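Here the sequence shown stands for residues 264 to 794, numbered as in this note's numbering.
Cβ atoms here follow ideal geometry from the backbone N, Cα and C, with glycine treated the same way.
Every value quoted in this text rests on a predicted model; they were computed, and no experiment measured them.
Right, one structure below, let's go through it.
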Amino acid sequence: DTMEDIMRLVGSEAMLFKFGSGTGTDLSTLRSWREKLAGGGQPSGPLSFMRVFDQVAGVVKSGGKTRRAAKMQSLQVWHPDVLEFIECKWKEEQKAQTLIASGKYDANFNGEAYSSIAFQNANLSVRLSDEFLRSVDQQGDWTTHWVTDPSRTGPTWKSQFVLDRIAECAWHCGDPGVQYDSTINRWHTCPNSGRINASNPCSEYMFLDDSACNLASLNLMKFRSPDGKFDAARFQKACRIFLVAQDILVDRASYPTAQIAENSHRFRPLGLGYANLGGLLMSSGVAYDSEAARGLCGGITAIMHASANLASIELARAVGPFADYPQNQEPMNRVMDMHRQAVAAIDPQAPTELRATATELWGRVVREGRQYGFRNAQVTVLAPTGTIGFMMDCATTGIEPEIALVKYKQLAGGGMLKIVNQTVPQALKALGYDEAQILSIAGYLDEHNRIEGCPGLDEKHLAVFDCAFKPDTGTRFISWRAHIRMMAAAQPFLSGAISKTVNMPNDVTPGEIADAYQWAWRMGLKAIAVY
């Protein structure tokens, strides 16, 4: 909470953006405009500095690429300025909409109307505590407190009002999302080295201040056997190889700031994940919104996290644990036991062999971890995989379901190419349809842009083809609760969190968004955003 440190952050973020990284900053250490400066004047508050950070992010292009800088900003729900933070992006976007309505400005997000307003270069998240969410349950009041003197109270509102305002603003413009601060820190492996205050821009990497994470993701379809089963043995080996390779990169990488370099070597956090879960499920004839799908997701994620930790233990046995492990030995092993206990809650519909493998591996992690320690403070996340998903020829990204059964690609020379999702024929084959039936159903899909009403498709199989988006001429899509349930199946088996948008239809209400934010907390998620 000093001008020097605030301006130093501007320089650090600019260099991070320059080299292609994203940043996450929690602004809760900055005093409210309601408080006092040492000299008796009035401070400007965190939102004023957010404008500065936002402009820097808008100017600097990441790594020489044409995409915008990736940025997350968060604020604790106890901060006196939290209501202004909640409302800030929606208030700015109303200005852009007024400019567009005048007819003089383009509605394009990259146009002048949007570039003239603030807070457009960052995702915003409110950090919610268990105390706050229990207060919502009890219809209680929520009192904020000063940053400089926590004994002094700030504004008081009804807890439900604060949550409703978060939901209303998200209904208008998608922000803010929420991060569950208490849950995040309950699963923290290194609390004796500091608390987790913030996340990366997509909310999957959450760790100590001034830390960074090497990400890598595996294409789950590469582990689908010809008979449709998931090859857990090959998957374990791949997880081990990737984890070792990622750990090697810690000592071979360059870092944008001295503090990030130091913490990367002290804690060696990594982020192994996967992509194409939606493609794996549909190609196997399994509906995304089903107990079988959630069981498969839980089993795969549990095996990945256990295999990564076993590789980390193997490295620790050979070259020693990460530097701060001794002071965090007790909490880290306690968190590992929490992961082990969660295996029992994997949906019973999961393949028996996956549940058995996960149980065996997690028993080893707990036993061997206590004996040898861990080379890496964190090992897994579920990232968006937007770019690398295309490079790996994945049908779907991260933990997401299929977006649509019919996709369109814009051609370089002009025009559009219409493509029937190639996972559909694989799914039909897995469900027992012959080649003639598959061709007929694919033809119907190509003609009608939907699979509903197709004469040759058994109605009981319709759910397998449900996607995140509702087709223009159909009615079926995956409900927002199904998105959260899938995230909840994976979350107990990750060091970090999950980058995923919870898709909601256009007719969703702000009340339903508030329900989603509260329900996700009850389901044990660490963060959530809606689309």
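Straight-line spacing of the CA atoms in W409 and L300 works out to 12 Å.
In the DSSP assignment, Y671 falls within the unbroken beta strand (DSSP E) covering V669 to Q673. Rounded to whole angstroms, S295 and Q336 show a C-alpha spacing of 16 Å. No Cβ-Cβ contact shorter than 9 Å links S575 with S762. In this structure, Y794 lies away from N769, with their beta-carbon atoms at least 9 Å apart. Around the beta-carbon of D697, fewer than 16 other beta-carbon atoms lie within 10 Å, marking it exposed. In the structure shown, T407 adopts extended strand secondary structure according to DSSP, grouped into three states. The beta-carbon separation of A790 and Y443, rounded to 7 Å, stays under the 8 Å limit for a contact.
In the displayed model, Y537 falls within a strand according to three-state DSSP. Annotated three-state conformation of F470 is strand, per DSSP.
For the pair of segments examined, the region 377-397 was found not to touch the region 469-478: the number of CB pairs separated by less than 8 Å stays below three. If you check the CB distance, G676 and S462 do not come in under 9 Å. Comparing C-alpha distances from K500 to each of N684, L573 and W784 shows the shortest one belongs to L573.
Note that the C-beta distance between H711 and T738 is not below 9 Å. Taking a cut-off of 8 Å for Cβ pairs, the region 595-605 and the region 648-668 do not touch, as fewer than three such pairs fall below it.
For A516, the three-state secondary structure derived from DSSP is coil. The criterion of a C-beta distance shorter than 9 Å is satisfied by N386 and G440.
Straight-line spacing of the CA atoms in L543 and E375 works out to 42 Å. By the Cβ rule, the region 607-619 counts as touching the region 485-495, because three or more pairs are nearer than 8 Å.
The Cβ-Cβ distance between P755 and P594 does not fall below 9 Å. Short of 7 Å from the beta carbon of P584, and not among the five residues preceding or following it, lie these beta carbons of its own chain, in chain order: G636, F637 and R638. Rounded to the nearest angstrom, the gap between the Cα atoms of G548 and L725 is 10 Å. If you check the CB distance, A430 and Y707 do not come in under 9 Å. By the C-beta criterion, the region 601-610 is judged to be in contact with the region 554-565, since at least 3 inter-stretch pairs fall below 8 Å. Rounded to whole angstroms, the gap between the alpha carbons of S365 and A359 is 10 Å. With a 10 Å radius around the Cβ and a threshold of 16 neighbouring Cβ atoms, R531 comes out buried. In the DSSP assignment, L573 falls within the alpha helix (DSSP H) that extends over E554 to V582. Within the region 344-426, the runs of alpha helix (DSSP H) that reach at least 4 residues and sit entirely inside it are, in chain order, 345-364, 375-378 and 393-400. For D268, the three-state secondary structure derived from DSSP is helix. Cβ-Cβ separation between L272 and L338: approximately 15 Å, too far for a contact (criterion under 8 Å).
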